[in-house]
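Participant:
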Amino acid sequence: MPTTERTPVTVLGLGNMGAKLAHTLLKAGYPVTVWNRSPDKAGPLVAAGAHQATTVEEAVTASPLLITCLLDHDSVHHVLDPVAGHLRGRTLVELTTSAPEGARELSTWAEGHGVAGFLDGGIMATPDMIPGPHAFILYSGSERSYRAYESTLAAIATPHFIGADPGIAALYDLALLNGMYGMFGGLLQALALVDSEGVDLEEFASELLLPWMRGVIASFPESARQAAHGDYGGTGSTLAMQASASGMAGVAEDLGVNGELMRPIDELMRRRVADGHGDDDFMSVFELVRHPDRRIAG
Ligand code: FVH
């Protein structure tokens with residue numbers, strides 16, 4: 000399709016992610032206007048065909064579709080507040096990582112300034128994954144805007160509309176990242192443990208840890224079912240057995256490895272056993288995670 004048939008898009012913020020978004024849209028044939036606080040970062044994009052706006056006002060008024068990809072919630076207000084009067088009738092797609100309340104606040108603020116629609120997006124990819132097959136972006140907010148620009152958003156990464164609440168994409172984003180960092184914590188600890196005895200880390204990871212973790216991950220839907228129904232029996236692997244005296248942190252420390260990552264899980268398991276749930280499966284700890292103050296869960 001010729002460039003002229005594509006919606007003009009403005010990308011505000013040319014950090015690692017914003018620059019990749021702008022490059023991807025350019026490659027897909029969209030007319031792209033870019034702006035960044037440090038203007039020199041626009042050089043490669045201009046060479047690839049982007050128009051560099053010299054002011055935020057020029058950038059915002061250049062396109063009906065605005066994409067922000069800045070450091071954090073405060074930086075979005077820092078950039079957009081002075082040009083709020085120019086947002087009327089434009090669609091704002093906010094791809095900066097934010098907390099759910101931050102996304103809701105921005106949505107209300109943008110609607111107060113007459114935007115045609117507001118979408119908050121959670122990017123589930125690193126810049127090098129875009130626009131590859133594993134990159135996806137969660138959107139919430141104005142479904143009308145989402146449908147209007149779905150094909151443009153699809154040029155960046157596979158889009159998923161989650162719901163009308165502008166904060167819900169940010170909540171999903173946060174949950175998915177927590178899942179990832181929890182697993183990364185396990186990876187760090189597992190590698191440190193075998194490293195303490197001089198094991199080949201790459202061989203261990205590819206031949207044992209990876210297949211083991213694949214099997215563990217396969218149980219996530221069943222674990223979620225247990226959590227959803229408060230039904231914590233059945234695996235034959237009781238919490239009382241798992242919450243052994245020294246715990247994972249103590250064993251790590253005996254080997255000269257840092258026990259900090261595992262101590263919180265050890266403590267939650269012991270607390271749940273002390274609360275009378277020693278015969279439950281591990282997933283029973285969920286009750287202490289979702290209700291931190293509840294000592295005796297039903
Ligand atoms: N990169 C990644 O892997 C992740 C993947 C998932 C989503 N995140 C989120 O995307 C947002 C941007 O991330 P980034 O990687 O592009 O971040 P940086 O390379 O550090 O670029 C930050 C840009 O923000 C500009 N900026 C910062 N503060 C201000 C401000 N007060 N006023 C105006 N602009 C500001 C900064 O400008 P400059 O330093 O180049 O002048 C960059 O353009 C982020 O929310 C991730 O969580 C990325």
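At position 164 of the sequence shown (counting the first as 1) the number is 163 in numbering that gives the first Met the number 0, and the numbers step up by one without a gap. C-beta: ideal position from N, C-alpha, C; glycine also.
#1: Starting from T90, follow its DSSP beta bridges and name the residues at the other end.
#2: The beta strand (DSSP E) that contains T157, what's its start and end?
#3: Can you tell me the Cβ-Cβ gap for L91 and V114, rounded? I've got them flagged as a contact below 8 Å.
#4: When burial is assigned at 16 or more other CB atoms within 10 Å of the CB, is S218 buried or exposed?
#5: What do you get for P132, buried or exposed, if any count of 16 or more other CB atoms within 10 angstroms of its CB means buried?
#6: Answer yes or no: the CB of I155 versus the heavy atoms of ligand 1, is any distance below 7 Å?
#7: Below 8 Å on the Cβ atoms is my contact criterion, and I expect T6 with T151 to pass it. Report the Cβ-Cβ distance as a whole number of Å.
#8: Rounded to whole angstroms, what's the CA-CA distance from D119 to A27? Just pull it up for me.
#9: Taking Cβ to Cβ, would you say G232 is nearer than 8 Å to D279?
#10: Assess contact between the segment 11 to 19 and the segment 65 to 79, defined as three or more Cβ pairs (one per stretch) separated by less than 8 Å. Is contact present?
#11: Quick one: is P291 buried, meaning 16 or more other Cβ sit within 10 Å of its Cβ, or exposed?
#12: Using DSSP bridges, identify the partner residues of W108.
#13: If you draw a straight line from the alpha carbon of P1 to that of L25, how long is it in whole angstroms?
#14: Within 10 angstroms of the Cβ of F281, are there 16 or more other Cβ atoms? Answer buried if so, exposed if not.
#15: For G297, count the other beta carbons within 10 Å of its own beta carbon; 16 or more makes it buried, fewer makes it exposed. Which is it?
#16: Is the beta carbon of S139 within less than 7 Å of some heavy atom of ligand 1?
#17: State the Cα-Cα distance for the pair Q225 and H276, rounded to the nearest angstrom.
Facilitator: Looking at the coordinates:
#1: Partner(s): L64 and G116.
#2: For T157, the enclosing beta strand (DSSP E) covers residues T157 to G162.
#3: 5 Å
#4: exposed
#5: exposed
#6: no
#7: 6 Å
#8: D119 and A27 have their alpha carbons spaced roughly 22 Å apart.
#9: In this structure, D279 lies closer than 8 Å to G232 by Cβ.
#10: Enough Cβ pairs lie closer than 8 Å, so yes.
#11: exposed
#12: Answer is none; W108 lacks a bridge partner.
#13: Here the model assigns P1 a pLDDT of 44, short of 50, so the residue's position is not dependable, and the following value carries that caveat. Near 12 Å, if we compare the C-alpha coordinates of L25 and P1.
#14: buried
#15: In this prediction, G297 scores a pLDDT of 43, lower than 50, which makes its location untrustworthy; no coordinate-derived value is stated.
#16: Look at S139: its beta carbon is at least 7 Å from all of the heavy atoms in ligand 1.
#17: 14 Å
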